[in-house]
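Scroll down for the structure; my scribbles are underneath it.
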Amino acid sequence: HWFAAVGSDTTVPLLTFLSAALVNLFVPSGGGQWGIQGLVALEAAQSAGIDPGRLVM
7 HWFAAVGSDT TVPLLTFLSA ALVNLFVPSG GGQWGIQGLV ALEAAQSAGI DPGRLVM
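Reading the sequence shown from the start, the letters are residues 7 to 63 in this note's numbering.
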């Protein structure tokens, strides 16, 4: 919930993108990366009132 607490509807997607870049260094598979980050990202979007489609894209 840290992303939602410190972010806005503009910064949460940006923070998600930057954290995905970091995770990608250690988990190069897109499916594996989504498995690690997906639930956290979607919960942050829901907490911040952001459309999940906007966050994912």
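Here a beta-carbon is modelled for each residue, glycine too, at the ideal position from N, C-alpha and C.
How long is the line joining the alpha carbons of residue i and residue j, rounded to whole angstroms?
| i | j | result |
| --- | --- | --- |
| Gly37 | Gln43 | 10 Å |
| Pro19 | Ser35 | 20 Å |
| Ser70 | Val33 | Shown here, the chain extends from 7 to 63; a query on residue 70 therefore has no answer. |
| Thr22 | Gly41 | 14 Å |
| Thr17 | Val29 | 18 Å |
| Ala27 | Ile56 | 21 Å |
Contact check, residue i vs residue j under 8 Å by CB: the rounded distance?
| i | j | result |
| --- | --- | --- |
| Pro58 | Leu48 | 6 Å |
Would residue i and residue j be called neighbours here (beta carbons separated by less than 8 Å)?
| i | j | result |
| --- | --- | --- |
| Asp15 | Ala50 | no |
Is it right to say residue i is buried, meaning 16 or more other beta carbons lie within 10 angstroms of its own, or is it exposed?
| i | result |
| --- | --- |
| Leu68 | With the chain covering only 7 through 63, there is no way to say anything about residue 68. |
| Leu61 | buried |
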